[in-house]
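Quick note on numbering: the working numbering labels position 3 of the sequence shown as 479, and the sequence is numbered without any gaps.
C-beta: ideal position from N, C-alpha, C; glycine also.
These figures come from a predicted structure and were not determined experimentally.
Take a look at the structure below.
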Amino acid sequence: MKVLVTEYLRINLETEQWECRSCNHVHGSARENYKKFMLIYDRDPREIHRPLLDPARYQFNFSPDPKACVIYEYYCSSCGTLVEAEYTVPGHEPLHDIEFDIDALKAQWATREEMREGGTDTAGVVPAKHASCGHPH
Numbered sequence: 477m478k479v480l481v482t483e484y485l486r487i488n489l490e491t492e493q494w495e496c497r498s499c500n501h502v503h504g505s506a507r508e509n510y511k512k513f514m515l516i517y518d519r520d521p522r523e524i525h526r527p528l529l530d531p532a533r534y535q536f537n538f539s540p541d542p543k544a545c546v547i548y549e550y551y552c553s554s555c556g557t558l559v560e561a562e563y564t565v566p567g568h569e570p571l572h573d574i575e576f577d578i579d580a581l582k583a584q585w586a587t588r589e590e591m592r593e594g595g596t597d598t599a600g601v602v603p604a605k606h607a608s609c610g611h612p613h
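Shown next, in the form of structure tokens:
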């Protein structure tokens with residue numbers, strides 16, 4: 477049984493492993509922080525949030541100070557899919573943002589049908605298209 481966790485991660489309950497939903501790569505134990513198994517890119521926040529004022533002329537330019545803020549991007553080590561991005565302080569360990577009681581998760585999903593990629597709403601009916609704009613709400 478595979479349980480979808482995020483857009484790019486799932487847990488295989490039989491093997492208790494994190495898996496990439498893009499390429500099916502097995503990352504490591506679902507009892508550990510999935511970020512431990514990812515490629516990490518330590519981004520300079522000024523690359524993402526460019527200064528609005530000239531940094532040579534102004535100390536405060538509306539861009540994060542890299543001495544106070546970093547952006548960690550986590551990528552699948554097999555296919556390179558961006559799995560997660562987080563803002564934190566320099567030198568901080570990766571945040572442990574998802575932690576499951578695997579035994580309880582197995583019990584919970586023992587009587588359920590496995591969720592597949594894609595899908596419909598909870599009633600099993602594709603939402604109707606909105607008359608004014610043509611897309612589902």
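Query, Result
"Please work out which residues of its chain come closer than 8 Å, Cβ to Cβ, to residue 490, disregarding the five sequence neighbours upstream and downstream, and give them in chain order.", "477"
"Can you check which of these residues, 552, 572, 561 and 546, is closest to residue 513 by C-alpha distance?", "552"
"From what residue to what residue does the beta strand (DSSP E) around residue 561 run?", "558–564"
"Looking at the structure shown, is residue 597 part of a helix, part of a strand, or coil, going by DSSP?", "Per-residue confidence for residue 597 stands at a pLDDT of 47, beneath the threshold of 50, marking its modelled position as unreliable; the derived number appears in the next sentence. Note: residue 597 maps to coil in three-state DSSP."
"My output table needs one value for residue 489: the three-state DSSP class, helix, strand or coil.", "coil"
"Give me the Cβ distance between residue 480 and residue 494, rounded to the nearest whole Å; I'm assuming they're in contact under 8 Å.", "Incorrect: roughly 12 Å between the Cβ atoms, too far for contact."
"Since I believe residue 546 is in contact with residue 518 (beta carbons under 8 Å), could you give me their beta-carbon distance rounded to a whole number of angstroms?", "6 Å"
"Here's a check: name, in chain order, each residue in its chain whose Cβ is nearer than 6 Å to the Cβ of residue 522, leaving out the five neighbours to either side.", "539"
"Find out if the Cβ-Cβ distance for the pair residue 578, residue 508 is shorter than 8 Å.", "no"
"Could you name the residues of the same chain whose beta carbon sits closer than 8 Å to that of residue 566, not counting the 5 residues immediately before and after it, in chain order?", "542, 543, 544, 545 and 546"
"Grouping DSSP H, G and I as helix and E and B as strand, with all else coil, what is residue 518?", "strand"
"For residue 549 versus residue 561, is the C-beta spacing smaller than 8 Å?", "yes"
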